[in-house]
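Heads up: the structure comes next, in structure tokens.
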Amino acid sequence: MGFNTEKYRYYLGMGIEYQVISKFFLLGFEAYKLPIDFGFDIHVTNKMIQTYKEEEPQKDFYIQVKSRVILPPSENPNKETVVRFYIKKEDFNNLIKKSDSVLILYYVSGVKTYNSYFYDPVEWTDWNCYFYGKIEGYKMDLSEYSDITIHDYLWLNSQHLNYLMENDFVLEDEKNGGYYLETVYYAEQHSVSVSKNKEKFTFADNLMELRNLVTGNFENDPFLSK
1 MGFNTEKYRY YLGMGIEYQV ISKFFLLGFE AYKLPIDFGF DIHVTNKMIQ
51 TYKEEEPQKD FYIQVKSRVI LPPSENPNKE TVVRFYIKKE DFNNLIKKSD
101 SVLILYYVSG VKTYNSYFYD PVEWTDWNCY FYGKIEGYKM DLSEYSDITI
151 HDYLWLNSQH LNYLMENDFV LEDEKNGGYY LETVYYAEQH SVSVSKNKEK
201 FTFADNLMEL RNLVTGNFEN DPFLSK
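Structure follows, in structure tokens:
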């Protein structure tokens, strides 16, 4: 079979999922990688807190994680990056139907090691991501990278996703028969917008911190402004 680029993407996805798991543990929650792929990657509970604090309400989250490799901000003169996150219709429908569902979107970039003895300025451009990053991410060769840098992430619960669906921000992927969200990531502001037909709305910044998910510190309307 060989070790092709698709297998590298598998390892990237798994690595980001375990990064999410570690964040929940640091917040005092239990988090587990689900053994079967049925549209969710991680199950989060607060059983330990409930054991010692009977008045603590039960909290359960079922999470799907998506990650995309983007150009490093230093290589992006526009300081913004358009990124599409694709999702199967069946998986998206499960996310919007279940009130304890959460979708987390990760923006990462690859780190390349260069030979300082044969310096070539052209080498410093991540052509791998430049050509395939926006739409055809599946063609990227992740084996080119020696490490991955995590820039930001965004979480959306079922209410947020229903809001996006009702307002036509969930777009049809005609090629593969699924859905996608077209997002715009602003590295300098650490903010994310969603776009449709040249309209852009910026997500509220409390959706870029998992602590706000577990504490309930957020609004059901995900948008901060036009």
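Take 1 as the starting number for the sequence shown in full-length UniProt numbering and just add one per residue. Ideal Cβ placement from N, Cα and C applies to all residues, glycine included.
Would you tell me roughly how many angstroms separate the C-alpha atoms of I63 and Q50, rounded to the nearest one?
Translated into the one-based positions of the sequence shown, residue 63 becomes position 63. Translated into the one-based positions of the sequence shown, residue 50 becomes position 50. Approximately 21 angstroms between the Cα atoms of the pair.
To the nearest angstrom, how far is it from the Cα of S195 to the Cα of F61?
On the sequence shown, residue 195 is found 195 positions in, with the first residue counted as 1. On the sequence shown, residue 61 is found 61 positions in, with the first residue counted as 1. Computed Cα separation, rounded: 27 angstroms.
Tell me which residues share the same chain as Y18 and place their Cβ nearer than 6 angstroms to its Cβ, disregarding the 5 neighbours each side in the sequence.
Here residue 18 refers to the residue found at position 18 when the sequence shown is read from its first residue. Hits under 6 angstroms: none found.
Can you tell me whether L27 is helix, strand or coil according to DSSP?
In the sequence shown, counting from the first residue as 1, residue 27 sits at position 27. The answer is coil: DSSP assigns L27 none of H, G, I, E or B.
Could you tell me the alpha carbon to alpha carbon distance between M14 and E166, rounded to whole angstroms?
In the sequence shown, counting from the first residue as 1, residue 14 sits at position 14. In the sequence shown, counting from the first residue as 1, residue 166 sits at position 166. A direct Cα-Cα distance of roughly 31 angstroms separates M14 from E166.
With 16 as the cutoff for other CB atoms within 10 Å, does T215 come out buried or exposed?
For the purposes of this step, residue 215 is identified with residue 215 of the sequence shown, where counting begins at 1. T215 comes out exposed.
Is it true that the CB of I42 sits closer than 7 angstroms to the CB of A31?
Start at 1 with the first residue of the sequence shown, and residue 31 comes out as number 31. Start at 1 with the first residue of the sequence shown, and residue 42 comes out as number 42. Yes.
Pick from N46, S22, V69: whose alpha carbon is nearest that of T149?
Taking the sequence shown and counting its residues from 1, one reaches residue 149 at position 149. Of N46, S22, V69, the residue nearest in Cα terms is V69.
With distance defined between alpha-carbon atoms, name the residue in S22, G28, K66, M48 nearest to residue 246.
The chain is shown from 1 up to 226; residue 246 falls before or after that span and cannot be answered.
What residue from N162, L105, G110 has the CA that sits closest to E209's CA?
For the purposes of this step, residue 209 is taken as residue 209 along the sequence shown, with counting starting at 1. Minimum Cα distance to E209 is reached at L105.
Alpha-carbon to alpha-carbon, A187 and D147
On the sequence shown, residue 147 is found 147 positions in, with the first residue counted as 1. On the sequence shown, residue 187 is found 187 positions in, with the first residue counted as 1. Their Cα atoms are separated by approximately 19 angstroms.
Cα-Cα, which of G178, Q159, N206, K98 is closest to Y153?
Mapped onto the sequence shown, residue 153 falls at position 153. If we check each option's Cα against that of Y153, N206 comes out closest.
Would V111 and T183 qualify as a contact pair, given that the criterion is a beta-carbon distance under 7 angstroms?
The residue you call residue 111 lines up with position 111 of the sequence shown. The residue you call residue 183 lines up with position 183 of the sequence shown. Against a cut-off of 7 angstroms, the Cβ pair of T183 and V111 comes out as no contact.
Helix, strand or coil: which one does DSSP assign to D173?
Taking the sequence shown and counting its residues from 1, one reaches residue 173 at position 173. D173: strand per DSSP, three-state reduction.
Helix, strand or coil for L71 per DSSP?
On the sequence shown, position 71 is the one that residue 71 refers to. Looking at L71 - three-state DSSP - the assignment turns out to be coil, as it is neither helix nor strand.
What did DSSP end up calling residue 281 once you bin it into helix, strand or coil?
There is simply no residue 281 to check, as the chain begins at 1 and stops at 226 in what is shown.
Exposure label - residue 227; buried when at least 16 CB within 10 Å:
Only positions 1 to 226 of the chain appear in the structure, and residue 227 is not among them; the question remains open.
Spatial distance of S158 from D221 (CA atoms):
Translated into the one-based positions of the sequence shown, residue 158 becomes position 158. Translated into the one-based positions of the sequence shown, residue 221 becomes position 221. Rounded to the nearest whole angstrom, the CA to CA distance from S158 to D221 is 11 angstroms.
Can you tell which of I36, S191, L26, E172 has the C-alpha that lies nearest to the C-alpha of H151?
Along the sequence shown, read from residue 1 onward, the residue named residue 151 stands at position 151. Put simply, of I36, S191, L26, E172 the residue whose alpha carbon is nearest the alpha carbon of H151 is S191.
Neighbourhood of F24 by C-beta distance below 6 angstroms, restricted to the same chain and skipping five residues each side
One-based indexing of the sequence shown puts residue 24 at position 24. So the qualifying residues of the chain are A31, V44.
What would DSSP say about Y62, mapped onto helix, strand or coil?
For the purposes of this step, residue 62 is taken as residue 62 along the sequence shown, with counting starting at 1. The answer is strand: DSSP assigns Y62 an E or B state.
Comparing alpha-carbon positions, which option in F92, L171, L161 lies nearest F203?
Start at 1 with the first residue of the sequence shown, and residue 203 comes out as number 203. The residue with the shortest Cα to Cα distance from F203 is L161.
So F28 and K89 are supposed to be a Cβ contact under 8 angstroms. How far apart are they, rounded?
Indexing the sequence shown from 1 puts residue 28 at position 28. Indexing the sequence shown from 1 puts residue 89 at position 89. Checking the displayed sequence, the identity of residue 28 turns out to be Gly instead of Phe. Wrong, their Cβ atoms sit about 35 angstroms apart, outside the cutoff.
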